[in-house]
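S.K.:
Residue numbers (our numbering): 15 to 442.
1. By how many angstroms is the C-alpha of residue 29 removed from the C-alpha of residue 323?
2. Spatial neighbours of residue 31 within its chain, please: CB distance less than 6 Å, with the 5 preceding and 5 following residues excluded, ordered by chain position.
3. Taking residue 299 as part of the alpha helix (DSSP H), name the residues at either end of that continuous run.
4. Using the C-alpha atoms, what's the distance from residue 47 back to residue 195?
5. Pull up the CB-CB distance for residue 203 and residue 433, whole angstroms please, since I reckon it's below 8 Å.
6. Tell me which same chain residues have a C-beta within less than 8 Å of the C-beta of residue 229, skipping the five on either side of it?
7. DSSP state of residue 418, grouped into three classes?
8. What does a CB cutoff of less than 7 Å around residue 43 pick up in its chain, not counting 5 residues either side in sequence?
9. Hey, how far is the Cα of residue 141 from the Cα of residue 101?
10. Determine, using beta carbons only, whether residue 307 and residue 24 come nearer to each other than 8 Å.
11. Evaluate residue 177 with the Cβ neighbour count: other Cβ atoms within 10 Å of its Cβ, from every protein chain shown; 16 or more gives buried, anything less gives exposed.
12. DSSP beta-bridge partners for residue 224?
13. Should the region 75-93 be called in touch with the region 261-280, which here means at least 3 C-beta pairs below 8 Å?
14. Could you check the C-alpha separation between residue 160 and residue 149 for me, to the nearest Å?
15. Specify the secondary structure class of residue 325 as computed by DSSP and reduced to three states.
16. Since residue 165 and residue 122 are thought to touch, with beta carbons under 8 Å apart, how far apart are those beta carbons, to the nearest angstrom?
17. Where residue 231 and residue 66 are concerned, what is the direct C-alpha to C-alpha distance, given to the nearest angstrom?
18. For residue 155 versus residue 219, is the C-beta distance shorter than 8 Å?
19. Are there 16 or more other CB atoms within 10 angstroms of the CB of residue 290, so buried, or fewer, so exposed?
20. Terminal residues of the continuous alpha helix (DSSP H) containing residue 381?
21. Considering only residues of the region 61-114, which uninterrupted beta strand (DSSP E) runs meet the minimum length of 3 residues and lie entirely inside it, listed in chain order?
22. Curious, which full-length beta strand (DSSP E) runs of at least 3 residues does the region 164-225 contain?
23. Among 365, 401, 144, 91, which residue has its Cα nearest to the Cα of residue 420?
24. Flag this pair as touching only if the region 67-74 and the region 333-351 have three or more C-beta atom pairs under 8 Å; answer yes or no.
25. Determine, using beta carbons only, whether residue 245 and residue 91 come nearer to each other than 8 Å.
26. Identify, in the order they occur along the chain, each residue of the same chain with its Cβ nearer than 7 Å to the Cβ of residue 98, setting aside the five sequence neighbours on each side.
27. Have a look at residue 399 and residue 348 and give me their C-alpha separation to the nearest angstrom.
28. With a threshold of 16 other CB atoms inside 10 Å of the CB of residue 247, please say whether the residue is buried or exposed.
29. Going by beta carbon distance, what residues of the same chain come within less than 6 Å of residue 56, once the five residues before and after it are set aside?
30. What residues in its chain sit with their C-beta under 6 Å from that of residue 367, if we drop five residues either side in the sequence?
31. Report the residue ranges of all alpha helix (DSSP H) runs contained in full by the region 25-59; include only those spanning at least 4 residues, in chain order.
32. So, for residue 74: in the same chain, excluding its five sequence neighbours on each side, which residues have a beta-carbon less than 7 Å away from its beta-carbon?
33. Rounded to the nearest angstrom, how far is the Cβ of residue 352 from that of residue 390, given a contact under 8 Å?
34. Could you compute how far the alpha carbon of residue 211 sits from the alpha carbon of residue 111?
35. So for residue 368, helix, strand or coil by DSSP?
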């Protein structure tokens, strides 16, 4: 067993370098090389491994993420995303602090959930909602917390977001089952305490971190063409989602949905065919690094499996599991992911799933409970560790108040962890 633990060396190195602020791609590339040495790969066999990785599930997820970025470019160019935000904000009738909070939360939930990216979604939302936030007196601290808390939540709700696509692939749950039994409960556990924290943060920072009064800011007003493109996109998206659920479509179905939505929305929005394709390629180009990362994640994990690392780890965990049974596996997995593994979310999900797969199979752990563990693991990591999602949310909100972000993050992390413990004890 102890020799098998040497197979975990790539994972240990990965955790160390990521927490020393390495980017996920170079960290993963380094660990793939270490894994190749441990498993005695030749240049020929290493090339074969990389070729097979191009056709892996993770590579498919990487392609979907690239297409999502391409769709985002089309939605931005046609002003569909802007029209959605406009409809939500003005549909609520924002004239008080709480209505403004609710409007921004709904806008963030919809746009980030549709685009599958926090940075891209918040970048679209911010120019529209910040003048409104300033007008009703919301602080930059409050808006920053909304952008992160709701953005993190939207990523586990949208049917085609990278974490959801990966989670469904690993657990084999249907989207409806995952939504009802995993995503919605975690969403409530996240957003209810966040709502109460927002009231407190707003009281404390309203005078300390206000937005400057903005005069003469031109409000976005969608044209008839933009409204028509938005309606078309909404109806097609809903139809595609319902059809996918009814026929239990595989992950590859998302590729057709992404391309179809981009083309039809672009045409209705007044764009030419070649321009739509250029926008898709432009968006995809921005995520080439992520695609390469996901291709490398496949051999990264497989080398650890071949070296016997995860089997040895399962043997090491057995005394704990024998005491606590299936709930112990779920709790241990969630806490390991939350406090021990960081990096790209899909990579964290893949690593965590493969790490505990021998125990999950042996003890017959229910996949809904395991899905909760993986979701909580990835959300807690982002809420308690100051990282890209936290700082990008602050940047788009024009806030420098890290303290408020961490305050809310800790409260949410505690609530999610307690929820995981209870869920594991009842449903694992």
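Where a beta carbon is used, it is the ideal one built from N, C-alpha and C, also for glycine.
M.R.: With the given structure in hand:
1. 15 Å
2. 41
3. 287-299
4. 39 Å
5. 5 Å
6. Since pLDDT at residue 229 reaches only 49, below the 50 mark, its modelled position is unreliable, and the value read off the structure follows with that caveat. Same-chain partners within the cutoff: there are none.
7. helix
8. 310
9. 15 Å
10. no
11. buried
12. 153
13. yes
14. 17 Å
15. helix
16. 6 Å
17. For residue 231, the predicted model reports a pLDDT of 42, less than 50, meaning its position is unreliable; a value from the coordinates is still stated below. Each residue's Cα considered, the two are about 53 Å apart.
18. yes
19. buried
20. 381-398
21. none
22. none
23. 401
24. no
25. no
26. 124, 125, 244
27. 16 Å
28. buried
29. none
30. 184
31. 38-52
32. 265, 266
33. 7 Å
34. 14 Å
35. helix
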